[in-house]
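Colleague: The opening position of the sequence shown corresponds to residue 13 in the working numbering, with each subsequent residue numbered one higher.
Using N, Cα and C, we set each Cβ at its ideal position, and we do this for glycine too.
Because the structure is a prediction, the values reported are computed rather than measured.
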Amino acid sequence: MSAAVLFSATGGNPFVGLLPVGIIGGSAFIVVAALMLWDLHRREKAGTLDMPKAGLPDGMTKADLARAPREQPSG
Numbered sequence: 013m014s015a016a017v018l019f020s021a022t023g024g025n026p027f028v029g030l031l032p033v034g035i036i037g038g039s040a041f042i043v044v045a046a047l048m049l050w051d052l053h054r055r056e057k058a059g060t061l062d063m064p065k066a067g068l069p070d071g072m073t074k075a076d077l078a079r080a081p082r083e084q085p086s087g
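(1) Go ahead and pull the three-state DSSP assignment for ASP70.
(2) Quick check: the Cα distance between ALA154 and GLY67, rounded to an integer number of angstroms?
(3) If you draw a straight line from the C-alpha of MET48 to the C-alpha of PRO69, how long is it?
(4) Alpha carbon to alpha carbon, what distance is there between MET63 and ALA46?
(5) Going straight from the alpha carbon of PRO81 to that of GLY71, what length do you get?
(6) Taking only three categories from DSSP, how would you classify LYS57?
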């Protein structure tokens with residue numbers, strides 16, 4: 013038996029108890045997710061949400077990218 017089960021008030025009930033996988037331990041994650049969803053919605057509505065473009069620009073292929081000169085890292 014683990015120490016968490018031995019020393020918890022509920023006898024190790026992971027749904028309610030003091031274990032990090034329970035509702036009490038996971039409630040912080042739920043609150044943070046709700047705040048992030050609210051912030052995302054607020055920034056979308058205001059038009060200030062900056063979404064990065066994924067993939068290659070239109071008309072470019074991987075072969076074009078391989079032929080392009082590479083920048084040398086400064087260091």
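Modeller: Working from what's here:
(1) coil
(2) Outside the displayed span of the chain (13 to 87) sits residue 154, for which this structure offers no information.
(3) 30 Å
(4) 20 Å
(5) 18 Å
(6) helix
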